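Visitor: In my numbering, the protein residues as written are 21 to 235.
Virtual Cβ for every residue (Gly too), placed ideally from N, Cα, C.
Just so we're clear, the structure is a prediction, and the values are computed from it rather than from any experiment.
Here's what the structure looks like:
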């Protein structure tokens with residue numbers, strides 16, 4: 021693991037692999053890069069990987085700024101990190117939960133840098149306000165609270181901003197969330213809408229899996 025000062029704070033990151041496409045991983049609400057260990061090692065045999073901790077999470081330095089973390093801020097920080105560590109586009113973006121929401125923002129804001137997107141039981145701008153705040157996206161501390169507080173305004177901005185690019189898009193969705201049948205049906209509908217963002221989008225339902233499909 022290495023650290024680099026970006027935007028006034030140190031960001032912890034790890035680069036793996038020596039050749040192939042660059043795959044960038046974005047973790048979920050309040051989660052650090054260790055959650056990708058099980059999938060990262062095998063992928064590093066044929067791709068270059070970038071894993072990192074958002075400021076205030078894991079081994080990164082404290083987050084600077086307001087109590088609300090907007091998706092566009094995450095995108096700007098990640099883009100600056102990738103440039104600083106010489107990880108050139110185009111990228112395969114992989115995001116879990118809220119991290120998938122951030123990767124959608126990255127794809128919309130920087131479409132020319134995107135080769136493909138993989139969303140793992142991802143949060144989506146199509147979620148009804150407050151529908152999953154206490155179930156799919158649990159609270160887990162002050163940093164997570166800032167991330168969660170930024171979700172609604174970021175979703176509004178995302179839908180009003182640039183469209184999702186026509187890049188290959190795979191949306192993996194779990195089925196065992198331990199929520200009511202009504203919530204589960206709503207979640208599956210949101211996932212289908214997300215997959216339809218790209219003409220090259222595909223929805224893949226992972227039967228029996230919980231929210232952390234990658235584990």
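(1) Within the continuous alpha helix (DSSP H) that includes residue 21, where are the two ends?
(2) Below 8 angstroms between beta carbons: does that hold for residue 59 and residue 113?
(3) Residues in the same chain with beta-carbon distance under 7 angstroms from residue 186, minus the five sequence neighbours each way, listed in chain order, please.
(4) Enumerated in chain order, which unbroken segments of the alpha helix (DSSP H) with a length of 4 residues or greater are wholly contained in the region 72-136?
(5) Residues in the same chain with beta-carbon distance under 7 angstroms from residue 71, minus the five sequence neighbours each way, listed in chain order, please.
(6) Is residue 189 helix, strand or coil by DSSP?
(7) Report back the beta-carbon spacing between residue 68 and residue 107 to the nearest angstrom; my notes put them in contact at under 8 angstroms.
(8) If you draw a straight line from the alpha carbon of residue 89 to that of residue 211, how long is it in whole angstroms?
(9) Can we say the region 168-183 touches the region 78-97, given the rule of at least three CB pairs closer than 8 angstroms?
(10) With a CB to CB cut of under 8 angstroms and the five nearest residues on each side skipped, what residues in its chain are close to residue 16?
(11) Taking the alpha-carbon positions, what's the residue 128 to residue 175 distance?
(12) Mind checking who residue 68 pairs with in its DSSP beta bridge?
(13) Terminal residues of the continuous beta strand (DSSP E) containing residue 36?
Guide: In short:
(1) To locate residue 21, count along the chain shown from 1; it is residue 1. Segment: none, residue 21 is in no alpha helix (DSSP H) and carries neither H nor E.
(2) Within the chain shown, the letter at position 39 stands for residue 59. Within the chain shown, the letter at position 93 stands for residue 113. The answer is no: Cβ separation not under 8 angstroms.
(3) Numbered from its first residue, the chain shown carries residue 186 at position 166. Cβ neighbours of residue 186 beyond the five flanking positions: 218, 219 and 220.
(4) Runs found: 91-104 and 118-129.
(5) The count along the chain shown starts at 1 and reaches residue 71 at position 51. Excluding residues within five positions, the ones whose Cβ falls inside 7 angstroms are 33, 34, 45, 53, 56 and 60.
(6) Taking the chain shown and counting its residues from 1, the one referred to as residue 189 is at position 169. Correct three-state label for residue 189: strand.
(7) Numbered from 1 along the chain shown, position 48 holds the residue referred to as residue 68. Numbered from 1 along the chain shown, position 87 holds the residue referred to as residue 107. Correct: roughly 7 angstroms between the Cβ atoms.
(8) To locate residue 89, count along the chain shown from 1; it is residue 69. To locate residue 211, count along the chain shown from 1; it is residue 191. Rounded to the nearest angstrom, the two C-alpha atoms are 23 angstroms apart.
(9) As far as the Cβ criterion goes, the region 168-183 touches the region 78-97, which means the pair count is three or higher.
(10) The shown model of the chain, from 21 to 235, leaves out residue 16, and the question about it has no answer.
(11) Here the question's residue 128 lines up with position 108 in the chain shown. Here the question's residue 175 lines up with position 155 in the chain shown. Straight-line Cα distance between these residues: approximately 12 angstroms.
(12) One-based indexing of the chain shown puts residue 68 at position 48. Under DSSP, residue 68 shares a beta bridge with 42.
(13) Residue numbering aside, residue 36 sits at position 16 when the chain shown is read from its first letter. Taken as a continuous stretch (DSSP letters only), the beta strand (DSSP E) holding residue 36 covers 29-36.
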